[in-house]
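One structure is given here, and the rest of the page talks about it.
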Amino acid sequence: MSKLIIDTKEYDSRLILGTGKYRDFYETKAAIESSSCEMVTVAIRRINIGQDKEAHNLLDFISPEKYTILPNTAGCYTAKDAVRTCEIASELLEGSKLVKLEVLSQSKNLYPNIIETLKASELLVNKDFKVMVYTTDDPIVAKELENIGCDCIMPLGSAIGSGLGIINEFNIREIVENASVPIIVDAGVGTASDACIAMELGCDGVLMNTAVALAKDPILMASAMKNAIKAGRDAYLAGRMEKKNHGSASSPSEGLITND
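Residues in the sequence shown are numbered from 7 upward in steps of one, following the working numbering.
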């Protein structure tokens, strides 16, 4: 029943929400409150947290005193750009070194560029950043990122914003079973059952944005995700029954009432 621990901080919630794609910051705030999450991720290149003094600041709606603000490098396609973005985020967040690293490929599926991701991870770890890294569902790559010193490995469930859910349960389970750092599914969740599956596989948490922000009712969906993650975690801890290829009566065969 241990809590999720990231960068020495304990979290009751295992849900991390993104802050993009909502209609406005008021809806962002309402969804986050409905989810009961304790960490929110912010795309530094796309959302204002102080870069633009004339625009609305997300931090006026989502207080860093209440939530862990996790800056991410969404929109970066090279290690150089990602590292620079993390340095800017640290300056804006009073020296915080916790970051979510994304280095994307140029393809329409927005898969991680693993070569640049590995390079950026090593550079950031050497600069004492606490790196939560978005990656593919390749168990070998996941372990290499852990060996580099990343604090949290974040394999995709499926392509960013696709809503396809967890398309390779075997690989995610392999990553979980061979990890000694938290594993958090990042990308591809479309609805509550997807989040529940990720947790049933043994993941330590789920990060999502589009599934909530683009739901017909983002506030209600945020609440549904909260409940799904708790249910999935409880089911994982409880241990599911063995799958069988035949039926098995649920009541005992001894002491049956007969017609004799």
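The C-beta atom is built at its ideal place from N, Cα and C for all residues, glycine as well. None of the values given here were measured: they were computed from a predicted structure.
Could you check how far apart the C-beta atoms of residue i and residue j are, in whole angstroms? I think they sit under 8 angstroms.
{"i": "Ile159", "j": "Thr141", "result": "6 angstroms"}
{"i": "Lys15", "j": "Thr74", "result": "7 angstroms"}
{"i": "Leu76", "j": "Leu104", "result": "6 angstroms"}
{"i": "Thr123", "j": "Val137", "result": "Not really, about 10 angstroms apart at Cβ, beyond 8 angstroms."}
{"i": "Ile12", "j": "Pro161", "result": "Not really, about 16 angstroms apart at Cβ, beyond 8 angstroms."}
On a Cα-Cα basis, can you pick out the residue from the options that is closest to residue i?
{"i": "Ser186", "options": "Lys149, Cys202, Ser199", "result": "Lys149"}
{"i": "Ile178", "options": "Ile68, Val212, Gly81, Asp18", "result": "Val212"}
{"i": "Ile121", "options": "Asn115, Leu130, Ser111", "result": "Ser111"}
{"i": "Pro238", "options": "Ile94, Ile203, Leu129", "result": "Correcting the residue identity first, residue 238 is Gly in this sequence and not Pro. Residue Ile203 is the option with its Cα nearest to Gly238."}
{"i": "Arg20", "options": "Lys249, Tyr83, Ser254, Met231", "result": "Met231"}
{"i": "Thr84", "options": "Lys125, Val137, Asp157, Gly24", "result": "Lys125"}
{"i": "Val218", "options": "Lys15, Tyr17, Thr34", "result": "Thr34"}
{"i": "Leu207", "options": "Ser69, Ile173, Ala228, Asn215", "result": "Ile173"}
{"i": "Val89", "options": "Ile190, Leu130, Arg51", "result": "Leu130"}
{"i": "Ala49", "options": "Ala36, Leu107, Ser42, Lys249", "result": "Leu107"}
{"i": "Glu71", "options": "Arg29, Ser127, Met45, Glu152", "result": "Met45"}
Does DSSP put residue i in a helix, in a strand, or in coil?
{"i": "Glu16", "result": "strand"}
{"i": "Cys156", "result": "coil"}
{"i": "Tyr73", "result": "coil"}
{"i": "Asn174", "result": "coil"}
{"i": "Met7", "result": "Low local confidence applies: a pLDDT of 49 at Met7 is under 50, so the model's placement there is unreliable, and no value is given."}
{"i": "Pro161", "result": "strand"}
{"i": "Met138", "result": "strand"}
{"i": "Ile189", "result": "strand"}
{"i": "Val48", "result": "strand"}
{"i": "Asn115", "result": "coil"}
{"i": "Leu21", "result": "strand"}
{"i": "Lys35", "result": "helix"}
{"i": "Asp211", "result": "Before going further, note that residue 211 is Gly rather than Asp in the sequence given. Note: Gly211 maps to strand in three-state DSSP."}
{"i": "Leu220", "result": "coil"}
{"i": "Glu109", "result": "Per the sequence presented here, residue 109 reads as Val, with Glu not at that position. Here Val109 sits in coil by DSSP."}
Beta-carbon separation of residue i and residue j under 7 angstroms?
{"i": "Gly24", "j": "Thr47", "result": "yes"}
{"i": "Pro145", "j": "Glu180", "result": "yes"}
{"i": "Gly171", "j": "Asp200", "result": "yes"}
{"i": "Ser40", "j": "Ala234", "result": "no"}
{"i": "Asn215", "j": "Gly26", "result": "yes"}
{"i": "Leu10", "j": "Asp210", "result": "yes"}
Does the beta carbon of residue i sit closer than 7 angstroms to a beta carbon anywhere in chain B?
{"i": "Lys72", "result": "This model lacks chain B altogether; it includes just one protein chain."}
Q: May I ask you to verify whether the segment 236–246 touches the segment 218–226, counting CB pairs closer than 8 angstroms and requiring at least 3?
A: no
Q. With contact counted as at least three CB pairs below 8 angstroms, one residue from each stretch, are the segment 157–173 and the segment 194–203 in contact?
A. yes
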